[in-house]
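Structure, as structure tokens:
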């Protein structure tokens with residue numbers, strides 16, 4: 031992907047290579063004209079080029095433009111559609127099947143519920159979608175989950191619970207961005223009342239470890255969306 035992106039002619043002089051086969055040969059000068067592996071800016075330049083292509087073709091190919099903007103991770107594409115006609119235009123997914131249906135066309139009042147928990151060995155988070163269907167029935171499906179091994183350095187259980195809350199915050203934020211659905215309400219659940227007390231107070235009250243993570247959570251979520259759940263129900 032990098033080699034398909036041209037460098038501005040004025041900037042190519044900074045990618046000059048001096049080369050000779052052996053010490054007795056005359057030095058030869060080469061200039062790399064494309065984005066080069068190992069350059070600090072290479073990932074950004076490659077991704078930025080994709081986004082620019084999407085902008086240029088937005089009027090002609092509106093659907094494809096949105097896919098390029100939102101469904102690429104570096105040069106990997108993962109996308110889909112709710113209609114067969116649209117899927118037929120996405121050749122990269124013609125052989126891929128996703129058996130689990132999370133939402134139906136009749137889904138409404140979609141809620142996102144996230145749960146976090148921790149032990150001495152690990153911490154994790156999982157997210158469910160709860161949607162109202164026809165005849166006042168409700169559908170609940172697991173959407174995503176993620177776990178992390180506890181740090182090698184000994185950390186107290188409340189701090190591990192806080193790391194789980196941070197992980198849940200990150201997972202929920204990513205899902206809301208990727209799904210592009212209207213979520214009527216979001217709920218963040220933890221069985222740690224200590225973590226809840228940290229989150230609902232100003233970060234300045236706590237020591238650095240707790241303060242930094244509470245600040246991150248408060249920047250990404252509404253404090254009123256955090257709730258307590260009994261450990262046996264979590």
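In this note's numbering, the protein residues as written are 31 to 264. Note that the Cβ used here is the ideal one computed from N, Cα and C, for glycine as well.
Beta-bridge partners of residue i, as assigned by DSSP
i: residue 149; result: According to DSSP, residue 149 bridges with nothing at all.
i: residue 212; result: Paired residue(s): none; residue 212 is not in a bridge.
i: residue 171; result: 159
i: residue 179; result: 152
i: residue 141; result: 160 and 215
i: residue 220; result: 146 and 258
i: residue 239; result: Answer is none; residue 239 lacks a bridge partner.
i: residue 36; result: 64
i: residue 107; result: 102
Contacting residues, own chain, Cβ-Cβ under 6 Å from residue i (five flanking each side not counted)
i: residue 126; result: Model confidence at residue 126 stands at a pLDDT of 39, short of 50, so the residue's coordinates are unreliable; what they give is reported in the following sentence. Closer than 6 Å at the Cβ level, and outside the excluded window around residue 126, lies no residue.
i: residue 128; result: Below a pLDDT of 50, predicted positions are generally treated as unreliable, and residue 128, at 39, falls in that range; the measurement from the model is reported next regardless. Nothing meets the Cβ criterion.
i: residue 224; result: 188
i: residue 169; result: 161 and 163
i: residue 89; result: none
Contacting residues, own chain, Cβ-Cβ under 7 Å from residue i (five flanking each side not counted)
i: residue 255; result: 216, 217 and 218
i: residue 236; result: 228 and 244
i: residue 239; result: 189
Which listed residue (the options) has its alpha carbon closest to that of residue i
i: residue 139; options: 248, 213 and 149; result: 213
i: residue 163; options: 145, 178, 150 and 141; result: 141
i: residue 201; options: 185, 250, 182 and 226; result: 250
i: residue 220; options: 232, 144, 107 and 239; result: 144
i: residue 69; options: 87, 211, 233 and 44; result: 44
i: residue 147; options: 227, 235, 41 and 222; result: 222
i: residue 264; options: 83, 207, 149 and 94; result: 149
i: residue 208; options: 99, 84 and 190; result: 99
i: residue 182; options: 206, 152, 166 and 87; result: 152
i: residue 103; options: 199, 234, 204 and 48; result: 204
i: residue 106; options: 59, 73 and 166; result: 73
i: residue 261; options: 191, 199 and 48; result: 191
Neighbourhood of residue i by C-beta distance below 8 Å, restricted to the same chain and skipping five residues each side
i: residue 229; result: 195, 244, 247, 248, 253 and 256
i: residue 56; result: 50
i: residue 42; result: 61, 62 and 63
i: residue 87; result: 94 and 95
* Please confirm if the region 191-201 is in contact with the region 235-247, defined as three or more CB-CB distances below 8 Å between the two stretches. => yes
* To do: Would you check if there are 3 or more beta carbon pairs closer than 8 Å linking the region 170-178 to the region 146-157?
  => yes
* Asked: Between the region 77-84 and the region 42-53, are three or more C-beta pairs nearer than 8 Å?
  -> no
* **Runs of beta strand (DSSP E) wholly within the region 39-97 (minimum 3 residues, chain order)** => 46-49 and 58-61
* the region 34-45 / the region 64-72 touching (three or more Cβ pairs under 8 Å) -> yes
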